[in-house]
Structure formats: structure tokens, C-alpha cells
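Data first, discussion second: the structure below is written as C-alpha cells.
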Amino acid sequence: MLSEKERNLLAFIDEKELVELTQSLIRIDSVIRPETGNTEAKVVEFIVNWIKTELKLEPEINEVLPGRENIILKMDSGKPGRTLMFEGHTDVVSEGVRSLWKHDPFGAEIEERKIYGRGSCDMKAGVAVNLLTVKAMLKSGVDFNGKMVLGILCDEEDLMLGVQDFIKRGHADDVDACLVSEPEENQLCISMKGALRIKLTVHGRMAHGAMPLTGINPNTRLAWIIMAFQEYEDSLKELYGKDEYLGWPSVTFTVIQSPPPPEPPQLNVMPGESVAYIDIRTIPGQDHKEIKESLDQILAELESKDPDFKVTMEYLADKPVVSMSMDEPIVFIAAEAYRDITGKKPVYNGVPGATDGTYLRDLKGIPCLVNGPGPRHMPHQTDEYVEIDKLIESAKLYLLTSYRFLN
Numbered sequence: 016m017l018s019e020k021e022r023n024l025l026a027f028i029d030e031k032e033l034v035e036l037t038q039s040l041i042r043i044d045s046v047i048r049p050e051t052g053n054t055e056a057k058v059v060e061f062i063v064n065w066i067k068t069e070l071k072l073e074p075e076i077n078e079v080l081p082g083r084e085n086i087i088l089k090m091d092s093g094k095p096g097r098t099l100m101f102e103g104h105t106d107v108v109s110e111g112v113r114s115l116w117k118h119d120p121f122g123a124e125i126e127e128r129k130i131y132g133r134g135s136c137d138m139k140a141g142v143a144v145n146l147l148t149v150k151a152m153l154k155s156g157v158d159f160n161g162k163m164v165l166g167i168l169c170d171e172e173d174l175m176l177g178v179q180d181f182i183k184r185g186h187a188d189d190v191d192a193c194l195v196s197e198p199e200e201n202q203l204c205i206s207m208k209g210a211l212r213i214k215l216t217v218h219g220r221m222a223h224g225a226m227p228l229t230g231i232n233p234n235t236r237l238a239w240i241i242m243a244f245q246e247y248e249d250s251l252k253e254l255y256g257k258d259e260y261l262g263w264p265s266v267t268f269t270v271i272q273s274p275p276p277p278e279p280p281q282l283n284v285m286p287g288e289s290v291a292y293i294d295i296r297t298i299p300g301q302d303h304k305e306i307k308e309s310l311d312q313i314l315a316e317l318e319s320k321d322p323d324f325k326v327t328m329e330y331l332a333d334k335p336v337v338s339m340s341m342d343e344p345i346v347f348i349a350a351e352a353y354r355d356i357t358g359k360k361p362v363y364n365g366v367p368g369a370t371d372g373t374y375l376r377d378l379k380g381i382p383c384l385v386n387g388p389g390p391r392h393m394p395h396q397t398d399e400y401v402e403i404d405k406l407i408e409s410a411k412l413y414l415l416t417s418y419r420f421l422n
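The sequence shown maps to residues 16 to 422 in this note's numbering.
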């Protein structure tokens, strides 16, 4: 039940300010575009200026890659207590084909109380929630113990180098819990799928399309691999079943390039190589070492049937399944906050993918609760949006959870 002090605190969440901040973040293109050199730099500059202006504080800036920086802000109450981190990322995926969008992907247009745009829910809205939660905690004058840490990081959508750099520099060493504001409809996500990401190269021999027998076709052999891996995925589903929060394990070919860049494809040329990228997602009970051994065995069996079969595999990422109990303080407190603000029972769930919280949990043991605003199904789609009502609800949930956790 909300106390009078908590009601006064929640009044510091201003809908107009929250919506306009979210819109401002969406309007800054932070797609990583190697062809133009565009990075998160402009949105980082905006957030840094916002912190200096609104909070009168000086954030720490760490360069992770050229033109790609992490923003770190640490706020110490001066009293002993827990350390709570708010985590978000500044990069967004490509908008794809703009003509397929009804709304300008960087226009932050509002229609029927939804804010549209690339990154609206994944996760410019979450970043805005983090920023205004910290502002309300500081500007309201409420007492709190311990510390708050704001980590607005780069490169979450690719190899998650931002959070790895954050950890390497020691910023996570004394963090007791973390709120990750990824789009989860304000559900309390207490587990995250593991991930193995693979680059697979099939080696053939280039030949004229009219004389294919003079070469070795990598495309045919890649097709064999795709079908064999599909059978392997079916066996994993049968063996491990469907997890209550994370769903099914999966083995997904996401990119196929034949020939790989920079070689141009030619209709009358059989390529010398084919490259495929595979995104494997795992659930509790699966062992990544066993998966790697199984994939090696599948390829060995294909090789035994064809003397011209030659494949190399490179593992680009290996992120384990992470989870925590409902009894973790941050989860328990967030659940109570949800009940008090919405009058409803909280919904527990799992993140269908990995987040920066995966590394924080795996490498540092930090309980990471993922419970930000926005539809779970909307990230990376055309006409991505976040609902204004869920955005406001999220800010109130974060603020009340933070206040109670730090007291």
C-alpha cells in the first residue's frame, strides 16, 4: 500500500516530460551504419547534455569503440546501503526499408497514445524511464541509502561490447541489483535465454555456371547443413520441451551469403564459398559444450559422406541462460510495487533473447530484473511503437521500486 511520502514521490513523474524525452531520443538516429559512419554518438551527446542540465551532474564517459561510448553516472547518498543500477542501451537496429513504414521511423509520431519510431520500445523509452527515475529520486528530496548507478551503454544489439567494457572497468563491482528497461510490457522477467552465435563458412571451388562439375558447389553443401541443423533443433525441442518462461530452444539460420562480400554475386558463376550466420537460443537444462560437440558431430557425419565437404565454424558469442528466484529482493520489491500501482497481480516471464543483463548476471552474479515498457513482440519490426500508458506505468514502477529498494 502506498504511503503519503510515496504518493508525493510518484507525482514527480510528469507525463509530458516523459513523452517528450522519449520522442527526443527516438528522433536521434543511432543505427550503426558502417557505410556512413553513423553510431550512437549523437544520442550519447544528447543524454550527456541532459544529465548536465537536468541533474547538474557530470557523467563519466568511456570510449568502447571509436565513436561509441558508454555513459556512467554514480550517485552516492553518503549513507551505507545497497547499490541499484539502471541499465539501458543507446544503439538501435536498422529501420530496414523505409517505404514499408506507415510512420517516419525517426519521427516519433504519436497516434492513439502510441509513440512510433525505430527504437521507440527497444529501447529509447526504457532509457527515458531510467533517466527520469534518477531525476525524480534526486529532485524530490526523498531520503535513500546506498548508491544509484546509471549505465547507458553502447553496442547491445551486436556483440554487447558496451556492457563487457562496463564490467572490465569495475563499474559493476559493488552493484547489488539491476533494473534493465528492455520492452517486456512491464512484466517481471526473471530469466533470459542463452545464446550461441556462429559464423559458418562452406568452402567450395568456383566454376562456370554452365560447367558446375568443374568446381565444388558450396551452396548444395550448405543446404545439407541447414536441413541437418533443423533436425537437430527438432531433437532439442523433443528432449528439453518448452520452458515455462522462455519457450522453446531454437537453431536459426539468420544470414546466408553466397558468395560472401565483397565478391559480387553473378548469375553464371558458381561461388567458391558460402557463409551463413546461425543464432542458437537455449533454455535451462541445455549445456553449451554439449551443443558444440553435437554440431561438430553433425558436420563430421556430413563430411564422411562427401570427400569435397569442407566447413569451418567460428563462435562469435557464447552467452549462458541466466535466471533468478522470485524471492530475490529486487524481484520481490518490484512485485509489490506493481501490485500497489496497478492493483493487479504481477506477471512473471522470461526474456526470449539475451540482454546486457545476461553479462551482468553471468560474470558478476548481479540479479537483473528485466521489466521495461513496450510490447514484447515489437522490437526490430516496422512501425515499432511504445504505448504512452505503459511508459508512464513503467516510470512509476521504477521509481517506487527504486525508493523501496534503497530504503
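Positions of the beta carbon are idealized from the N, C-alpha and C atoms, including for glycine.
* When you compare only the Cα positions, how much space is there between Lys360 and Asn201? -> Taking the first residue of the sequence shown as 1, we reach residue 360 at position 345. Taking the first residue of the sequence shown as 1, we reach residue 201 at position 186. Straight-line Cα distance between these residues: approximately 12 Å.
* Own chain residues within Cβ distance below 7 Å of Phe121, not counting five before or after -> On the sequence shown, position 106 is the one that residue 121 refers to. Counting only Cβ-Cβ distances below 7 Å, and skipping sequence neighbours, we find Ile41, Arg42, Asp44, Gly132 and Arg133.
* **Beta-carbon proximity of Arg236 to Val217, cut-off 8 Å** => Translated into the one-based positions of the sequence shown, residue 236 becomes position 221. Translated into the one-based positions of the sequence shown, residue 217 becomes position 202. Yes, Cβ-Cβ distance for Arg236 and Val217 is below 8 Å.
* Asked: When DSSP builds the beta bridges, which residues end up paired with Phe101?
  -> The sequence position of residue 101 within the sequence shown is 86, counting from 1. Its beta-bridge partners are Leu165 and Leu194.
* Asked: According to DSSP, is His303 helix, strand or coil?
  -> By one-based count along the sequence shown, residue 303 stands at place 288. Of the three classes helix, strand and coil, the one that applies to His303 here is helix, per DSSP.
* To do: Measure from the alpha carbon of Arg391 to the alpha carbon of each residue in Pro344, Leu378 and Cys136, then state which is nearest.
  => The count along the sequence shown starts at 1 and reaches residue 391 at position 376. The shortest C-alpha separation from Arg391 is found at Cys136.
* Bridge partners of Thr424, per DSSP? -> With the chain running from 16 to 422 in the structure shown, residue 424 is simply not present.
* Is DSSP giving Ile345 helix, strand or coil here? -> To locate residue 345, count along the sequence shown from 1; it is residue 330. Ile345: helix per DSSP, three-state reduction.
* Given a threshold of 16 other Cβ atoms within 10 Å of its Cβ, counted over all protein chains shown, does Glu35 qualify as buried or as exposed? -> Along the sequence shown, read from residue 1 onward, the residue named residue 35 stands at position 20. Exposure of Glu35 is indicated by the presence of fewer than 16 other C-beta atoms within 10 angstroms of its C-beta.
* Nearest CA to the CA of Ser289: which residue from Gln272, Pro277 and Asp398? -> The sequence position of residue 289 within the sequence shown is 274, counting from 1. If we check each option's Cα against that of Ser289, Gln272 comes out closest.
* Using a threshold of 8 Å, state whether the C-beta atoms of Met8 and Val108 are closer than that. => Missing from the structure shown is residue 8; the chain here goes from 16 to 422 and no further.
* Do Ala140 and the ligand FMN come close, with the Cβ less than 7 Å from some heavy atom? -> Looking for the ligand FMN in the displayed structure turns up nothing, as the structure carries no ligands at all.
* Asked: Across which residues does DSSP place Asn77 in a beta bridge pair?
  -> If you number the sequence shown from 1, residue 77 lands on position 62. For Asn77, which the question treats as bridged, DSSP gives the partners Asn85.
* Determine the extent of the beta strand (DSSP E) in which Lys11 is found, giving its start and end residues. => Nothing about residue 11 can be reported from this structure: the residues present for the chain run from 16 to 422 only.
* Asked: Mapping DSSP to helix, strand and coil, what is Asn64?
  -> On the sequence shown, residue 64 is found 49 positions in, with the first residue counted as 1. If DSSP states are grouped into helix, strand and coil, Asn64 belongs with the helices.
* Where Asp180 sits in the DSSP three-state scheme -> One-based indexing of the sequence shown puts residue 180 at position 165. It is helical.
* **From Ala151, Pro394 and Val59, residue whose alpha carbon lies closest to that of Lys20** => Translated into positions along the sequence shown, residue 20 becomes position 5. Here the closest residue by C-alpha is Ala151.
* Asked: I think Gly417 touches Ile205, with their Cβ atoms under 8 Å apart; what is that distance to the nearest whole Å?
  -> As a working note, residue 417 is residue 402 in the sequence shown. As a working note, residue 205 is residue 190 in the sequence shown. According to the sequence as given, residue 417 is Ser; it is not Gly. About 18 Å separates the two Cβ atoms, so there is no contact after all.
* Asked: Is the number of C-beta pairs between the stretch 158-177 and the stretch 88-108 that are closer than 8 Å three or more?
  -> Short answer: they touch.
* **Chain-order list of residues whose beta-carbon lies under 7 Å from that of Lys325 (same chain, five-residue window excluded)** => Within the sequence shown, the letter at position 310 stands for residue 325. If we look at Lys325 and ignore the five residues flanking it on each side, its Cβ neighbours are His218.
* **Ala26, buried or exposed, once every other Cβ within 10 Å from all chains shown has been counted against 16** => Stepping through the sequence shown from its first residue, residue 26 is reached at position 11. Ala26 is exposed by the Cβ-count criterion.
* Length of the line joining the Cα atoms of Ile403 and Ala410 -> Stepping through the sequence shown from its first residue, residue 403 is reached at position 388. Stepping through the sequence shown from its first residue, residue 410 is reached at position 395. Approximately 11 Å between the Cα atoms of the pair.
* Asked: Can you name, in chain order, every residue of its own chain whose Cβ lies under 6 Å from the Cβ of Leu17, other than the five neighbours on each side?
  -> Counting from 1 along the sequence shown, the entry for residue 17 is found at position 2. Answer for Leu17: Asp355, listed in chain order.
* For Asn145, which three-state DSSP category applies? -> Within the sequence shown, numbered from 1, the residue matching residue 145 stands at position 130. Note: Asn145 maps to helix in three-state DSSP.
* Asked: Assuming His303 and Gly209 make a contact with CB atoms under 8 Å, what is their CB distance in whole Å?
  -> Within the sequence shown, numbered from 1, the residue matching residue 303 stands at position 288. Within the sequence shown, numbered from 1, the residue matching residue 209 stands at position 194. Confirmed, Cβ separation roughly 7 Å.
* To do: Note down, in chain order, each residue of its chain lying with its Cβ closer than 8 Å to the Cβ of Asn283, except the 5 sequence neighbours on either side.
  => As a working note, residue 283 is residue 268 in the sequence shown. If we look at Asn283 and ignore the five residues flanking it on each side, its Cβ neighbours are His223, Gly224 and Ala225.
* Asked: Is there contact here, the stretch 377-397 with the stretch 178-190, by at least three beta-carbon pairs under 8 Å?
  -> yes
* Going by CA-CA distance only, name the one from Glu329, Ala315 and Leu421 that's closest to Asp323. => Counting from one through the sequence shown, the residue named residue 323 turns up at place 308. Measuring C-alpha to C-alpha distances from Asp323 to each of Glu329, Ala315 and Leu421 identifies Ala315 as the nearest.
* **Distance CB(Val346)-CB(Leu203) smaller than 8 Å** => Counting from one through the sequence shown, the residue named residue 346 turns up at place 331. Counting from one through the sequence shown, the residue named residue 203 turns up at place 188. In this structure, Leu203 lies closer than 8 Å to Val346 by Cβ.
* To do: Identify, in the order they occur along the chain, each residue of the same chain with its Cβ nearer than 7 Å to the Cβ of Arg419, setting aside the five sequence neighbours on each side.
  => Start at 1 with the first residue of the sequence shown, and residue 419 comes out as number 404. Correct list, in chain order: Ile348 and Ala352.
* To do: Hey, could you find the ends of the alpha helix (DSSP H) Arg212 is sitting in?
  => On the sequence shown, position 197 is the one that residue 212 refers to. It is not in any alpha helix (DSSP H) - Arg212 instead sits in the beta strand (DSSP E) that spans Gly209 to His218.
* Please say whether Asp106 and Glu55 have beta carbons closer to each other than 8 Å? => One-based indexing of the sequence shown puts residue 55 at position 40. One-based indexing of the sequence shown puts residue 106 at position 91. Yes; because the gap between Cβ atoms is below 8 Å, this pair is in contact.
* Asked: So, helix, strand or coil for Thr327, using DSSP?
  -> Along the sequence shown, read from residue 1 onward, the residue named residue 327 stands at position 312. Thr327: strand per DSSP, three-state reduction.
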